[in-house]
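Chains as they are written, first to last, in my numbering: chain A, 4 to 509; chain B, 205 to 598.
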C-alpha cells in the first residue's frame, strides 16, 4: 500500500471525521445467511470456550455455556449442541453437488459451502485450537466421546487452516474484511477491535471518527480473550456455581445453576452479535467484484475435498512434513499474488497504490499500429502502442506490463519512454500476435500494470523425498489426542492485586 | 559493556522524586525494561522510566487509562503452574530438566530463593549475592548441578541499581549455566499457542543471559559459561504437565545489550528536565479528569513525545492519553511511522487534506505535496462521490 495514499486517507479522515472507502467493490463473497460464531474463553485457558454463540447472522443466536468449562463432562455436554448443529450444517451444505468441466474431466463440486463469520482474527485462532482439541479425543473411563464433537473439531480445524488462504471466504474474520474495505485513523494494531473500526466508519452524528472509536475501544468487549473486569464477574459467578453444584455434573442439577453465568455471557455476546450483523449488512451493500465467485469456487472445492476426506475418517496431520509445508507456502503465496492482482485489475480504487508506486501507468492511447518484427528467427506480427500518461513515468526498457482488460493474457513490453507534456509518452509492444480483443483503440483511456491474473508457469511438485537440508531428525508425529490433562482439577483464580508482581504471569 | 557512570548521583534521585511526585512507582524488572525498549525513543517515556513512574497506573480513574489488567483465571493458571513445578521438592521441575537436558537432576541441589528472604530491596540484595556466589562455583565444577529457583541478578539501569528475577538458573550442567523461564501458556504439536508471548519470554531469558554473563565477568569467570541456549518450560497440551524447550537467544542477547546501552542516564535526565515537569498532577486523583489530562498534555509538550501506535499501545500506559494529544495536534503520527515519514515538512493532518485537494504547497511542503496531490487526484477520479444511506440515524 502506498504511503502517499495512506497519508491522504489520514488527512481526509481527520478533516471530515469519517472513514473512507478503500475499494469501490466488495472483494469477498458474503453468503445470504452466513453462520455467525462468537465466543469467550476463560482467561489464559486456550482450549476452554466458556461461552460459544452461533446461528445464522441476521437472526437470534444459540448460546452454549458450560458453567465450569474446565470440567470435561460439563464442557462436552455444553458443546454437544453446537457440535451437532455445525456438523449438520456442513453436511447439508455439501449435499447438493454441481458438475464442473475441466478439460475432458467432469468434477462434482458442492453447490454451496458453509460460510462462517467471526468478529476477529483472534477468534479464528481460538476456533482452530478448539478444533485441534476436539478433533482427536481419547476415551475416558471406557466412554467414547460424542462423535459429533470429534467431527466438529475436524471441521473447525479445517476452517481455521483454510482461513490462511488470502481472499478465502469460508471463515471470515470481520475485522480483516472491514479493514480491507475501509481506510480509518486506526493503526493495524487498533483495527483488531471491530467496535472501534465500526465506530470510525459510522460514528454517531456530530462525533468525530477518532472520538467515536476511542469510546468504543474503551467500552466494547469483543472476545474471545476476556479482560480483567469480565473475568472478575465470571470468577464470582463461577465460584457460586461450583459451590452450588457440589461436584455434580447432572444436567438436571447444573442447568438451572448455570443461569447467572449464561446471562452474564449473553450480555457480553449480544452487542458483539449486533455488531457482526451490522458489519456484514454494510459490507454486503457494496457490489461484489467479478472474481469473488471464482475465489469462492476455490473455497467450495476445498470444502468439498474436506467433506469427502471426512467420509473416510478425516485424519489430518497435525504437523506438516517439510514437503507439505513447502507446498502450502507456495499455494498461499500464489493465492496472495492472484488476490492482489484480481483486486487491482477489477477495482480502479485498488489500482491507485500501484499507480503511485510506479508499478502501473494510466493514460490515453495515442496510437496502435501493427508491425512485423523478428522474434527469435521468424518475422511475426506485433502491435505497437503509444501511450500518453497523465504523470511522468519511470520505466526500464523491456519492462512487462499487463493491460487491465487483458490481465489474463499476454503482456506489453516497454520499448521507450519519453517526456510528453506534463507526463510521458510510452511505446509498448504486445508480446503476442495482435487480435482485436488484445488491442485498445486510439483515444481509449487505459491502465497497464505489473499485475496479471494468468499462471506464471507450470509448477512441478517438489520431490517426494525432502533434501537433506530440510529433513527433520524425527518424522512428524502422527495426529494424537491432546486431552490427557483435561481431567486435572482447575486452577484457582488469583486476584492480581494480592500479588507483589502479577506481571510475572503475563 | 561500560557505562558512562558507575555510581548513581544522589542529587539525581531527589530531582527525580520531584518529577515523579505522587505518581505510583514501579520497580524495574525485565518486563518493564522490555516495555521501555519499545518506546525508548520517546522523551516523555524516557523521563517516566528514569523516574520509576508506573505509567500503567498513573492515569488510573481517567478515560485514558489503558486496561492492562489480567484475568484472575490467567494469573491463577500461572501461579498453579509454578506451584506444580515446585511441589514435592520440585519433583516436576527435576523431571522436566532431566528429560529435557539429558542430565540427572534427581539429586540436584535446588535452592528456592523466593522463600526465606524479605520481599524488599534488602531481600533482593541478599538473593543477588547468593546468586553471584553460586554462579562463581561453576569454576569449582560442582559434582551435581545446582538449580536456583528465583535467581536474582543485579544490573545498572541508567545509573540506578535494579534487580531482575529469573525463574530458574541451572548451574553446572556440563560446565555451563543455563537460564530458564516458566510460562503457563501451552505448547501444542511443538508449536506455541501464543507466538507473541513466546517472543517476550525469549527476550526475558536473553536479558538474564546478558546479566548472568556480566556477573561472571565481574567475578573473573569466563562469561561464556552462561549458555546462549535457554530453557523454556511450558505446559504441554490441555493440562499443566510441563515440557522443556531449548532455544538459542544469542541474537536477542545482542539486542538487549544495545537496549541497555540506550537507556538514558538518570543523572542526565535529572539535570535536563525543567523544574516545572512533574507527573504529580497527572496522578492526582482528587483533580478532575480534564485537569489531569491537561497536565499530561503540558508535560508531553514540554518534554516531547514520539507516538508509534504499534509499540506504544502494547507497552506504555500513557498511550491513550498520548494518542489524544497527537489527534488534538493533528499530528500525522496518529496511524504510525510510515505515514508520518511520508509527510516531511507538512505541519498537520488538516494541511494534508488541503494538499490532497490540490492546494499550492509551500517550499518546505513541496517534496511531500506532489505524491499527496497525485493520490488525491487519482482517488477522486475513481471513487464515486458521497456515500448515501450510510450515516446512522442521530
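Cβ atoms here follow ideal geometry from the backbone N, Cα and C, with glycine treated the same way.
Owing to the predicted nature of the structure, the values given are computational and were not obtained by experimental measurement.
In the structure shown, residue 336 (chain A) falls within a helical segment according to DSSP collapsed to helix, strand and coil. Within 10 angstroms of the beta-carbon of residue 266 (chain A) lie fewer than 16 other beta-carbons, which makes it exposed. According to the DSSP secondary-structure assignment, residue 461 (chain B) is paired through a beta bridge with no residue. Residue 488 (chain A) places its beta carbon 9 Å or farther from that of residue 247 (chain B).
In the DSSP assignment, residue 354 (chain B) falls within the beta strand (DSSP E) that extends over 350-361.
For residue 249 (chain B), the nearest beta carbon of chain A is not closer than 9 Å to its own beta carbon. Taking residue 559 (chain B) as the centre and dropping the five residues before and after it, the same chain places the C-beta of 550, 565, 569, 572, 573, 576, 577, 580 closer than 8 Å to its C-beta, in chain order. Within the DSSP bridge table, the entry for residue 390 (chain A) names A:368, A:429 as partners. For residue 274 (chain B), at least one C-beta of chain A is nearer than 9 Å to its own C-beta.
Between residue 448 (chain B) and residue 288 (chain B), the C-beta spacing is not below 9 Å.
For residue 299 (chain B), the enclosing alpha helix (DSSP H) starts and ends at 276-305. Taking the Cβ atoms as the reference, residue 445 (chain A) lies roughly 25 Å from residue 397 (chain A), outside the contact range of under 8 Å. Taking C-beta atoms as the reference points, residue 369 (chain B) and residue 452 (chain B) fail to come closer than 9 Å. Residue 412 (chain B) has a beta carbon lying at 9 Å or more from every beta carbon in chain A. Listed along chain A are 17, 188, 211, 213, 214, 217, each with a C-beta nearer than 9 Å to that of residue 531 (chain B). Contact note: residue 542 (chain B) reaches chain A through 6, 9, using a C-beta cutoff of 8 Å and chain order.
Between the alpha carbons of residue 342 (chain A) and residue 170 (chain A) lies a distance of about 6 Å. Listed along chain B, the residues sitting closer than 8 Å to residue 192 (chain A) by beta-carbon distance are 513, 514, 517, 518. With its beta carbon at least 9 Å from every one in chain A, residue 402 (chain B) lies outside the interface. When DSSP states are grouped into helix, strand and coil, residue 569 (chain B) belongs to the coil group. When the Cα atoms are used, residue 411 (chain A) and residue 240 (chain A) turn out to be separated by approximately 59 Å. The residue from A:291, A:315, A:382 with its alpha-carbon nearest to that of residue 346 (chain A) is A:291. At least one beta carbon of chain A lies nearer than 9 Å to the beta carbon of residue 576 (chain B). Think of a sphere of 8 Å around the beta carbon of residue 345 (chain A): no beta carbon from chain B falls inside it, the nearest being about 16 Å out. For residue 58 (chain A), the closest of A:197, A:87, A:49 by C-alpha to C-alpha distance is A:87.
For the pair residue 402 (chain B) and residue 376 (chain B), the Cα-to-Cα distance works out to about 26 Å.
In its chain, beyond the 5 residues on either side, 120 have a beta carbon closer than 6 Å to the beta carbon of residue 175 (chain A). The beta-carbon of residue 373 (chain B) is placed no less than 9 Å from the nearest beta-carbon of chain A. For residue 266 (chain A), there is no enclosing beta strand (DSSP E); the enclosing alpha helix (DSSP H) has its first and last residue at 262-287. Note that the C-beta distance between residue 388 (chain B) and residue 281 (chain B) is below 9 Å. Nearest to residue 74 (chain A) by alpha-carbon distance, out of A:134, A:250, A:124, A:107, is A:250.
Across the set A:293, A:234, A:272, the C-alpha of A:234 shows the shortest separation from the C-alpha of residue 48 (chain A). Around residue 221 (chain A), the beta-carbon contacts reaching into chain B at under 7 Å are 267.
Counting only unbroken stretches of 4 or more residues, the alpha helix (DSSP H) elements lying wholly within the segment 165-196 of chain A are 177-184, in sequence order.
Around the beta carbon of residue 295 (chain A), a 10 Å sphere encloses 16 or more other beta carbons of the protein chains shown; the residue is thus reported as buried. Comparing C-alpha distances from residue 270 (chain B) to each of B:278, B:276, B:279, B:260 shows the shortest one belongs to B:260.
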